[in-house]
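Colleague:
Here's what the structure looks like:
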């Protein structure tokens, strides 16, 4: 009879193996500087982000931040909170359901749906909501967490 021991893939991960059902949230208020910083990094200078009159006359009725600014809060939640330091996205599937305006408070949330034991891979349900609690982004992400401490 052969007994196979499964390797614990979470050894050395700073915050350890997350538990299914665990969640984390972060909030921040969007600012005009977010638009400028994102445009500087990516070249995204869509007039809906800069031209107030055009944006107000559009279906959005206001200046909006780039989608990357909206989803960016999830980068912080994943890298800082859950699963935590060393975490990188392997795959994301996001649906942007409501534009986020400049000056709006947004809250990013991740919830653990599945955790592999043999590798530090976590499947997350993700969302971003505005101050009224309305969904702006919804979807899923698969995250790999690099062990950063000896183990």
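In full-length UniProt numbering, the protein residues as written are 1 to 151.
Even glycine gets a Cβ: it sits at the ideal position worked out from N, Cα and C.
Because the structure is a prediction, the values reported are computed rather than measured.
1. DSSP three-state call for residue 56: helix, strand or coil?
2. Assign residue 54 to buried or exposed, taking buried as 16 or more other Cβ atoms, counted over all protein chains shown, within 10 Å of its Cβ.
3. Would you tell me roughly how many angstroms separate the C-alpha atoms of residue 111 and residue 12, rounded to the nearest one?
4. Secondary structure at residue 72, three-state DSSP: helix, strand or coil?
5. Does the structure place the stretch 82-102 close enough to the stretch 130-145 that three or more beta carbon pairs sit under 8 Å?
6. Can you say whether residue 24 is buried or exposed, counting buried as having 16 or more other CB atoms within 10 angstroms of its CB?
7. Run through DSSP, which three-state label would residue 108 get?
8. Which term fits residue 83, buried or exposed, when burial requires 16 or more other beta carbons within 10 angstroms of its beta carbon?
9. Keeping to the same chain, check which residues put their C-beta closer than 6 Å to that of residue 91; ignore five residues upstream and five downstream.
10. Between residue 120 and residue 71, what straight-line distance do the alpha-carbon atoms span, to the nearest angstrom?
Modeller: So, from the listed chains and residues:
1. Taking the first residue of the chain shown as position 1, residue 56 is located at position 56. Residue state, collapsed to three classes: helix.
2. Start at 1 with the first residue of the chain shown, and residue 54 comes out as number 54. By the neighbour-count rule (16 or more Cβ atoms within 10 Å), residue 54 is not buried but exposed.
3. As a working mapping, residue 111 is identified with position 111 in the chain shown. As a working mapping, residue 12 is identified with position 12 in the chain shown. Just so you know, the alpha carbons of residue 111 and residue 12 end up roughly 22 Å apart.
4. Within the chain shown, residue 72 is the residue found at index 72, counting from 1. Looking at residue 72 - three-state DSSP - the assignment turns out to be helix.
5. With the rule of 3 Cβ pairs closer than 8 Å, the stretch 130-145 counts as touching the stretch 82-102.
6. Within the chain shown, residue 24 is the residue found at index 24, counting from 1. Residue 24 is buried by the Cβ-count criterion.
7. Taking the chain shown and counting its residues from 1, one reaches residue 108 at position 108. Residue state, collapsed to three classes: strand.
8. Here residue 83 is taken as the residue at index 83 of the chain shown, counted from 1. Residue 83 should be labelled buried.
9. Looking up residue 91 in the chain shown gives position 91. Closer than 6 Å at Cβ, skipping near neighbours: 142.
10. The residue labelled residue 120 in the question sits at position 120 within the chain shown. The residue labelled residue 71 in the question sits at position 71 within the chain shown. Spanning the two alpha carbons is a distance of roughly 23 Å.
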